Structures are given as structure tokens and as C-alpha cells.
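**Student:** Numbering (the numbering used here), first residue to last: 15 to 417.
What follows is the structure, encoded as C-alpha cells:
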């Protein structure tokens, strides 16, 4: 639909993690409001981190982030049939209200039913390592069996059962596609995550390569986002004589690991800046640490020597864009896939939450500080990222679809 001769572009974030919200907001801001009526729909849980949006906002429901994380930790499908059914009802009401010319979703899997039902062109934003065409391996996530068997044996078992597990995770959405008279997708979570009229990869092929992409799949590039907040008062008081390490396990990491990580980092001659993402209260803050809820990573990255994160792509690309290497404390498959790609390029170290210790983290940080190859690899990637403009590619994509 058009309002005042301007096409309506609807961007929908499944805000189970901050990354999905941040990417959608960044793309919404990339569009010219003189040319388009831009509408964002999301659960409002992260809205205060990037306000005002300067566009129309519609609140929608997403499952709690803790419920999402628990499903991943147990290796169960994230969305039940009932949840996806409710999502589809909400989607259809939203589409009928907004009547967009194009809908763009980030992990809103239900749009693979609701958008076709309303015959609205649908684009999905997703990381390329979830593509069926990606050149990648699949490390075993932090599941109960991983903690019992250890990573080596659990990996061998995971390699055997992974196709079955990927098929199981695809079942709820396929059942709903059948119910609504749509052709079911291949029983594989990779198809569930990437199906759309247009699939937009929030990566660069130098980091996550893919082979034989169909014409409707394309690399958009990393979509960089940082919280639109002020720096804490202590930021300008940080010591100048020690390397600064950023620590945050984000919205989808294991926040319970933060005290252990702080204890490890307190042993080193570094300054630690911590963003808790409002998931945990740090009762005992080491003398070399500074704590806040969130930090605008784009504004602080130039002071950092290392970023320690949950391994998710949003923080990783923000760090790499500034030439800062990353240590990932990873638990779920998404984080491990991302870190595996960056580690292969020499700009990251991956640690499994299932078996991490104080010694492991101390050794990883020490190795990264002592070995300049990590920093050089991160700078090399930053030079490639400097040539990638996801916002411009998105604008070009929208023009292509609508015209």
C-alpha cells in the first residue's frame, strides 16, 4: 500500500535477543522517510536503547528472552505450534492494519506463513551461517549431553544426530504452512530460518562464504548497531596505562558466568569495562573493573584491546569493524557458528561455556594480548568491512523490489 504516494515498508523484529531488534532498527533508519512510510514492529523490551525511532512503531508480542534461551540450552525447538499460531494471528492483524508494500523480518519465522497468505513480498534478514548453501561446520552447542560427555565425544554424537535435530526444529512451522495451504519447506532448520521471497545475509562472504546461492539470496553485509545511550560517568576516568577489555555476555549469553569472568580478569594487569545487559547484578566488583548496564560499543571501541562477548554476530561485527579481536564465551549454536567463522580468520578465540574455567579465560586473554596476530587479523577484517555498506545495499534492494 502507499500513503501520500509513499510505499509503506514494514520491518519486524523478533526481539528474543537484542541483535534482531538492533538490526531492524538500523535498516529502518537507512530508508529515506521522504520516499517511504517506514513502520517498525517489535516487542518493546529494548525500545529504550534506541529511542526515538523517528518512525511509526507497533508493539507486538515475542516470547520472553529467558524462555528462548532455555529452549536453546535444552536443545528443544524454540517455538511451539501454539506460539507460532499466536504469532501468525498477530502478524495477520499487523499486516492488515499497515498494508505494506514490503515486509522485512528478522527472525520472525511466522512471517513465512503470514506474508504469503496476504501476498505481500517478504524479505528475511539472517546470518549466512544458517544458509543451506553456507560453507561451514556445525560445532556442538552447550547441551546437557555436552556437559556429560565432554566436547569431543559430544561433537561426534552431534555430527550423527544433527540432521534429525535440524528436521525436528523445522516441524512446527511446516505444520502451520500445511494447515494454511502453503507448500511445506524442506525439513531442515536452515530452510526454516532462511525462507523468504528474498533472503538477506547480514554477513560478508569473506567471513561466511556460501556456494551456489539462488538469485533471491544475497549478501547485505553486517548491520552495525550500538545502544543510543550516554557514556557512564566513569568512562573518562579509566586508567591510561593498562589495556582496556570489554566484557558483556549480551542479551542471549549466560549472565551467570559474569562473576567467574570478572574473577579471572581481576588477576590480570588490565582494565575491564562490563555491560551486564540488565541481566545480573554484580555485588562484588574487582578493583580493575567498571560496571554499567549497556555501553555504546561504537563510541568506546577505539579504546579497547579485546572484546569478550557471548560470541553473537552483532557485537562481533561491531568489534571487528574497529579492528578489535574477540573472545567468545559461547553456549548456543548461533554463537558458535559465528565465532567459528571469525576464529578461522585468526581474529577470535572460542571458549565453550560447557567447560570454561578461570584458567581458560586467563589464558585466552593473555594469549590475545601477547600475540599481535589476533589484532592484525581483526584489522584486516575491518578493512574489508569498511567497503561493506549494508544500509546502502538495503536501500538498493528496496528500490529493486518496489520498482
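In this text, a Cβ means the ideal position worked out from N, Cα and C, and glycines have one as well.
Small disclaimer: the values here were computed from a predicted structure and weren't measured.
(1) Between residue 398 and residue 323, what straight-line distance do the alpha-carbon atoms span, to the nearest angstrom?
(2) What alpha helix (DSSP H) runs, 4 residues minimum, are completely inside the region 202 to 228?
(3) Starting from residue 120, trace the beta strand (DSSP E) both ways and give me its first and last residue.
(4) Check this for me: beta carbons of residue 118 and residue 25, under 9 Å apart or not?
(5) Given that a residue counts as buried once 16 or more other Cβ atoms are within 10 Å of its Cβ, and exposed if not, what is residue 373?
(6) Pull the bridge partners of residue 60 from the DSSP assignment, please.
(7) To the nearest whole angstrom, what separates the beta carbons of residue 271 and residue 279, a pair I think is in contact under 8 Å?
(8) Among all the DSSP beta bridges, which residues are the ones paired with residue 35?
(9) What residues match up with residue 72 in a beta bridge as DSSP calls it?
(10) For residue 362, name the three-state secondary structure that DSSP assigns.
(11) Shorter than 8 Å, the distance from the beta carbon of residue 73 to the closest heavy atom of the ligand PLP, or not?
(12) I'd like the span of the beta strand (DSSP E) that includes residue 231, first residue to last.
(13) Terminal residues of the continuous alpha helix (DSSP H) containing residue 127?
(14) Any Cβ of chain C within less than 9 Å of the Cβ of residue 65?
(15) Based on Cα-Cα distance, which residue from 207, 177, 190, 302 lies nearest to residue 287?
(16) Give the C-beta separation of residue 395 and residue 259 to the nearest angstrom, bearing in mind that I take them to be a contact with Cβ-Cβ under 8 Å.
(17) Which residues bound the beta strand (DSSP E) around residue 303?
(18) Identify every residue that forms a DSSP beta bridge with residue 148.
(19) Whole-angstrom Cβ separation of residue 392 and residue 337, contact assumed at under 8 Å?
(20) When the Cβ atoms of the region 329 to 347 are set against those of the region 378 to 389, are three or more pairs found closer than 8 Å?
(21) What beta strand (DSSP E) runs, 3 residues minimum, are completely inside the region 321 to 386?
(22) Is residue 213 buried or exposed, if buried means 16 or more other CB atoms sit within 10 Å of its CB?
(23) Quick one: using the 10 Å Cβ neighbour count with 16 as the cut-off for buried, is residue 30 buried or exposed?
(24) Nearest to residue 124 by alpha carbon, out of 384, 207, 39?
(25) Residue 368: which of 344, 187, 356 sits nearest, CA to CA?
(26) DSSP three-state call for residue 393: helix, strand or coil?
(27) Kindly indicate the opening and closing residues of the alpha helix (DSSP H) around residue 159.
(28) CA-CA distance, residue 110 and residue 132?
(29) Starting from residue 22 and walking both ways along the alpha helix (DSSP H), at which residues does that stretch end?
(30) By how many angstroms is the C-alpha of residue 37 removed from the C-alpha of residue 230?
(31) For residue 287, which residues does DSSP report across the bridge?
(32) Do the region 234 to 247 and the region 158 to 177 make contact, defined as three or more Cβ pairs closer than 8 Å?
(33) Which residues in the same chain as residue 163 place their Cβ atom closer than 8 Å to its Cβ, once the five residues preceding and following it in sequence are excluded?
(34) DSSP three-state call for residue 45: helix, strand or coil?
(35) Count the other C-beta atoms from every protein chain shown that fall within 10 angstroms of the C-beta of residue 178, then say buried if there are 16 or more, exposed otherwise.
(36) Go to residue 411, then tell me how far its alpha helix (DSSP H) extends in each direction, as first and last residue.
**Tutor:** On the basis of the coordinates in this document:
(1) 22 Å
(2) 203 to 208
(3) 116 to 120
(4) yes
(5) exposed
(6) Its beta-bridge partners do not exist; DSSP assigns none.
(7) Contact doesn't hold; Cβ gap of about 12 Å is too wide.
(8) Answer by DSSP bridge pairing: none, since residue 35 is not bridged.
(9) 55
(10) strand
(11) Although the ligand PLP was asked about, the structure shown includes no ligands whatsoever.
(12) 231 to 233
(13) 125 to 131
(14) Protein chains in the displayed structure number just one, and chain C is not present.
(15) 302
(16) That pair is no contact at about 19 Å.
(17) 303 to 306
(18) 224
(19) 5 Å
(20) yes
(21) 340 to 344, 362 to 366
(22) buried
(23) buried
(24) 207
(25) 344
(26) helix
(27) 158 to 163
(28) 8 Å
(29) Segment 20 to 27 is the beta strand (DSSP E) holding residue 22; no alpha helix (DSSP H) there.
(30) 20 Å
(31) 260, 304
(32) no
(33) 171
(34) coil
(35) exposed
(36) 404 to 416
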